[in-house]
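Take the sequence shown: its letters are residues 34 to 147, numbered as in this note's numbering.
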Amino acid sequence: MPRSVNSVASRNRRKKILKQAKGYFGRRKNVYTVAKNAVEKAMSYSYRDRKNKKRSFRGLWITRINAGARIHGLSYSQFMGKVKANNIELNRKVLADLAMNNPEAFKAIVEKVK
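So, in structure tokens, the structure goes:
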């Protein structure tokens with residue numbers, strides 16, 4: 034009996050990798066072995082950076098809240114401590130948005146916690 038190789042599955046597996054490598058430069062887009070390495074590396078970067086994105090956005094929000102709070106004479110840590118003490122249930126994302134796009138509402142929050 035002749036040897037059976039599942040070439041349909043093999044071809045589909047290779048096509049899947051090459052489809053993911055679409056838009057890459059040089060041999061990374063059309064040579065399977067090179068594309069496979071490039072796609073694996075890209076997937077590991079994307080996994081890592083989905084975690085890092087949360088980290089960097091939190092840092093951005095803290096910077097914006099700090100800038101808004103310092104205008105009103107408070108540091109970030111003093112402001113956040115007073116927000117927590119007054120049981121204001123606004124997260125950093127919302128506070129940063131208020132500080133940047135709605136300064137009068139942010140000022141009202143600062144006056145409430147002072």
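Glycine is no exception: its CB is placed at the ideal position from the N, C-alpha and C atoms.
| Check | Outcome |
| --- | --- |
| How close, in whole Å, do the beta carbons of Val-146 and Lys-115 come, if the pair is a contact with beta carbons under 8 Å? | 4 Å |
| Identify every run of the alpha helix (DSSP H) within the segment 94–137, keeping only runs that are complete inside it and at least 4 residues long; order them along the chain. | 109–118 and 125–134 |
| Please classify Gly-106 as buried or exposed, where buried requires at least 16 other C-beta atoms within 10 Å of its C-beta. | exposed |
| Distance check for Gly-101 and Arg-60, CA to CA, integer angstroms please. | 50 Å |
| Of all Cβ atoms in chain D, is any one closer than 8 Å to the Cβ of Lys-145? | Looking at the structure shown, chain D is missing, and only one protein chain is on hand. |
| Mapping the DSSP letters down to three states, classify Arg-91 as helix, strand or coil. | helix |
| Leaving out the 5 sequence neighbours to the left and right, which residues in its chain are closer than 8 Å to Arg-154 when beta-carbon positions are compared? | This structure cannot speak to residue 154, because the chain is shown only from 34 to 147. |
| With distances taken from CA atoms, which of Leu-131, Glu-144 and Lys-69 is nearest Ala-94? | The question names Ala, but residue 94 is Trp in the sequence shown. Considering only alpha carbons, the answer is Leu-131. |
| Please classify Phe-139: does DSSP put it in a helix, a strand, or coil? | helix |
| Could you check whether Arg-97 and Met-133 sit closer than 8 Å to each other, using their CB atoms as the reference points? | yes |
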